[in-house]
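Residue numbers (our numbering): -2 to 126.
Cβ coordinates follow ideal geometry from the N, Cα and C atoms, glycine included.
First the structure, in the form of structure tokens, and then the observations on it.
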């Protein structure tokens, strides 16, 4: 229990830190524009939210990485929002949908590597706790 709370705090704090440093925002909340102005990233966000609401967490994470665009700042915001949302799920919800808090850490670590931010976490391993 305490270990899971610790991991949740680490993930939350890292997502917040990355949002502040790279997005210049206090949080990583992906906001959709007016309906007529959607980009591919906006449609991806809607699809991810739908998959998460259906408990298809693995499928959603796969879709996130399949569509990764490290040159798109909105994609960075989308990915951080995604992991922030995952982190807010209860352990029971994650378990019911064949996902773990450890996998959230692993996915976030992979995201950090893909964007070339590896030095940011200074050797801290979110997924090994």
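Helix, strand or coil at residue 51 according to DSSP, with G and I counted as helix: coil
Could you have a look at residue 27 and say whether DSSP puts it in helix, strand or coil? coil
Is the distance from the Cβ of residue 67 to the Cβ of residue 106 below 8 Å? no
Between the alpha carbons of residue 127 and residue 102, how many angstroms are there, rounded? The question about residue 127 has no answer here: the residues shown for the chain are numbered -2 through 126.
Residue 69 versus residue 92 - alpha carbon distance: 32 Å
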